[in-house]
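**Student:** For reference, each letter of the sequence shown is one residue, going 1 to 88 in UniProt numbering.
By construction, the Cβ of each residue, glycine as well, lies at the ideal position given by its N, Cα and C atoms.
Quick one: the structure is below, questions incoming.
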Amino acid sequence: MDFLYNYIIEQALIVVPVLLVIGQILKSTPKMSDWVIPYILLALGVLLTIALMGFNANAIIQGVLVAGAAVFANQLYKQYVQKDGDSK
């Protein structure tokens with residue numbers, strides 16, 4: 001996990017689990033298309049990191065990185081749970 005500290009600052013790491021929870025809530029919403037969820041998480045990630053760090057380029061970059069980490073973590077979880085090509 002040390003490799004994350006090379007790209008995402010420690011202050012912004014708290015946003016990753018927040019985005020994971022929000023993503024699961026959006027996924028359970030019946031009228032929410034799956035392809036929209038990463039875009040919503042991207043916007044929320046940028047807004048949350050701007051709220052944490054102030055409005056600057058680094059905050060926007062950190063928002064993109066934490067959103068990517070949240071989507072990546074979700075995909076890793078899905079691949080782990082859905083072994084052998086089973087779709088759930």
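By Cβ distance, which residues of its chain are closer than 6 Å to residue 53, with the 5 residues on each side in sequence left out?
**Tutor:** Position 53 of the sequence shown, counted from the start, is the residue given in the question as residue 53. Closer than 6 Å at the Cβ level, and outside the excluded window around residue 53, lie 59.
**Student:** Return the first residue and the last residue of the alpha helix (DSSP H) that residue 53 is part of.
**Tutor:** If you number the sequence shown from 1, residue 53 lands on position 53. Segment 37-53, the alpha helix (DSSP H) holding residue 53.
**Student:** What are the boundary residues of the alpha helix (DSSP H) that residue 22 is part of?
**Tutor:** Working through the sequence shown from its first residue, we reach residue 22 at position 22. Unbroken alpha helix (DSSP H) run through residue 22: 15-28.
**Student:** Can you tell me the Cβ-Cβ gap for residue 81 and residue 48, rounded? I've got them flagged as a contact below 8 Å.
**Tutor:** Walking along the sequence shown from the start, residue 81 turns up at place 81. Walking along the sequence shown from the start, residue 48 turns up at place 48. Not a contact, Cβ separation roughly 27 Å.
**Student:** Helix or strand or just coil, what does DSSP make of residue 31?
**Tutor:** To locate residue 31, count along the sequence shown from 1; it is residue 31. Secondary structure of residue 31 (DSSP, three-state): coil.
**Student:** If residue 70 and residue 20 are in contact, beta carbons under 8 Å, what's the gap, nearest whole angstrom?
**Tutor:** By 1-based counting over the sequence shown, the position of residue 70 is 70. By 1-based counting over the sequence shown, the position of residue 20 is 20. Contact holds; Cβ gap of about 5 Å.
**Student:** Taking only three categories from DSSP, how would you classify residue 77?
**Tutor:** The count along the sequence shown starts at 1 and reaches residue 77 at position 77. Reduced to three states, the DSSP call for residue 77 is helix.
**Student:** DSSP state of residue 82, grouped into three classes?
**Tutor:** Position 82 of the sequence shown, counted from the start, is the residue given in the question as residue 82. In the structure shown, residue 82 sits in coil (DSSP, three-state: anything other than H, G, I, E or B).
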